[in-house]
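If you read the sequence shown in this note's numbering, its first letter stands for residue 31, the second for the next number, and so on. All residues carry an ideal CB built from backbone N, CA and C; glycine is no exception. Inspection log for the structure reproduced underneath, given as C-alpha cells.
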Amino acid sequence: MSILSADQIRLNVKVSDKYEAIRLAGQMLVDAGHADQEYIEKMIERENALSTYMGSGLAIPHGTNEAKGMIKSTGLAVLQVPDGVDFGGDEPAVLVVGIAAQNGEHMDILTSVAMVCSDEDSMEAIRTAKTAEEILSIFESGMEE
Numbered sequence: 031m032s033i034l035s036a037d038q039i040r041l042n043v044k045v046s047d048k049y050e051a052i053r054l055a056g057q058m059l060v061d062a063g064h065a066d067q068e069y070i071e072k073m074i075e076r077e078n079a080l081s082t083y084m085g086s087g088l089a090i091p092h093g094t095n096e097a098k099g100m101i102k103s104t105g106l107a108v109l110q111v112p113d114g115v116d117f118g119g120d121e122p123a124v125l126v127v128g129i130a131a132q133n134g135e136h137m138d139i140l141t142s143v144a145m146v147c148s149d150e151d152s153m154e155a156i157r158t159a160k161t162a163e164e165i166l167s168i169f170e171s172g173m174e175e
C-alpha cells in the first residue's frame with residue numbers, strides 16, 4: 031500500500047476552521063486504513079499543544095506520541111484549501127497534509143513533505159492543481175529524491 035494515492039487527495043476543500051480540516055484529513059487516514067478512529071482526537075490534541083503550521087501556506091497535522099499504537103500503516107491525506115484556513119500562522123494554510131507514520135518514519139515523512147512544499151513552484155502547482163493526480167505526481171517526484 032502506498033503512503034499517498036489519488037483517493038487520499040481532496041481538491042477545493044472549504045472548511046470553517048483548522049479543527050474541521052484536521053478532522054477531515056484524519057478521517058481520510060482512517061478510511062484509507064492507515065489509522066484507528068481514535069487517532070483523529072490525538073491529531074486535535076497535538077494541534078492544541080503545538081500548532082502544526084509550518085509556514086508558506088502549509089500545515090501538517092499529525093497525532094501525539096501516545097497515538098503511535100493507533101497507526102496501522104504509514105500514510106498521508108492531502109487537502110487543497112484554496113481559500114485558506116487559519117492554523118495560527120502568519121498566513122492561512124492552503125495545503126493541509128495529515129500524516130500517520132509508524133516505525134520512526136514520522137520525521138522522514140515530515141521532512142519530505144516540508145521539502146516538497148518549501149519549493150515555491152511546487153507549492154503554487156499544488157495550490158492551483160485541478161486534479162488529484164497532478165498533486166500526487168508533485169509529491170511522488172519530490173519525495174523520491
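- For Met145, there is no enclosing beta strand (DSSP E); the residue is part of the alpha helix (DSSP H) that begins and ends at His136 to Ser148.
- Where Leu109 is concerned, the enclosing beta strand (DSSP E) starts and stops at Gly105 to Val115.
- C-alpha of Ala55 to C-alpha of Val126: approximately 8 Å in a straight line.
- Ala51 is positioned such that its CB atom lies closer than 9 Å to that of Ala123.
- The DSSP assignment places 48-61 and 69-79 as complete runs of the alpha helix (DSSP H) inside the region 35-98, in order along the chain (cut-off: 4 residues).
- Within its own chain, the residues whose Cβ lies closer than 6 Å to the Cβ of Leu88, once the five positions on either side in sequence are excluded, are Leu125 and Cys147, listed in chain order.
- Between the alpha carbons of Ile139 and Ile101 lies a gap of roughly 14 Å.
- For the 9 Å CB-CB criterion, Ile70 and Gln57 form a contact.
- Going by DSSP, Gly128 is part of the beta strand (DSSP E) stretching over Ala123 to Ala130.
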